[in-house]
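Student: What follows is a structure written as structure tokens; I'll ask about it next.
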Amino acid sequence: MALDQKIAELVENDFNYIEPCLECKVSRNSVNNIWVEVLNISKELNLDDVMILDHVEINLGDTVLVAFVNGNIKKPVIIGRIK
């Protein structure tokens, strides 16, 4: 099964994702905001104010999969945790 099919099964909503999703590390997790560091790219890129799907549980330092609502880089959402 392709990654986009797995994602569609996980979220079952109207998110449109850019491909591929980004592999990120949770660098800060507070009550109001989540910050992630994008992995496997040549320059440092951090995303802040990241949303998270209700069923996903994360901890500081976890590697997660991040997608974007309607392809908008200003609307990142954590869709899963990579074990």
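Following this note's numbering, the numbering of the sequence shown begins with 52 at its first residue and continues without gaps. Just so it is clear, CB atoms sit at the ideal spot from N, CA and C, and this is done for glycine as well.
#1: My output table needs one value for residue 101: the three-state DSSP class, helix, strand or coil.
#2: Which residues does DSSP list as the beta-bridge partners of residue 76?
#3: Relative to the alpha-carbon of residue 85, which residue among 92, 121, 117 has its alpha-carbon at the smallest distance?
#4: With a threshold of 16 other CB atoms inside 10 Å of the CB of residue 65, please say whether the residue is buried or exposed.
#5: State the Cα-Cα distance for the pair residue 87 and residue 78, rounded to the nearest angstrom.
#6: Figure out for me which residue from 132, 134, 73, 131 has the closest Cα to the Cα of residue 142.
#7: Mind checking who residue 128 pairs with in its DSSP beta bridge?
Tutor: In this structure, then:
#1: Reading the sequence shown from its first residue, position 50 is the one you call residue 101. Residue state, collapsed to three classes: coil.
#2: Reading the sequence shown from its first residue, position 25 is the one you call residue 76. Answer by DSSP bridge pairing, in chain order: 88, 114.
#3: As a working mapping, residue 85 is identified with position 34 in the sequence shown. Answer by Cα proximity: 117.
#4: To locate residue 65, count along the sequence shown from 1; it is residue 14. A caution first: residue 65 carries a pLDDT of 48, below 50, which makes its placement in the model too unreliable to give a value.
#5: To locate residue 87, count along the sequence shown from 1; it is residue 36. To locate residue 78, count along the sequence shown from 1; it is residue 27. The alpha-carbon atoms of residue 87 and residue 78 are separated by roughly 5 Å.
#6: The structure shown does not extend to residue 142, since the chain spans only 52 to 134, so no value can be given for it.
#7: Position 77 of the sequence shown holds residue 128. Its beta-bridge partners are 102, 118.
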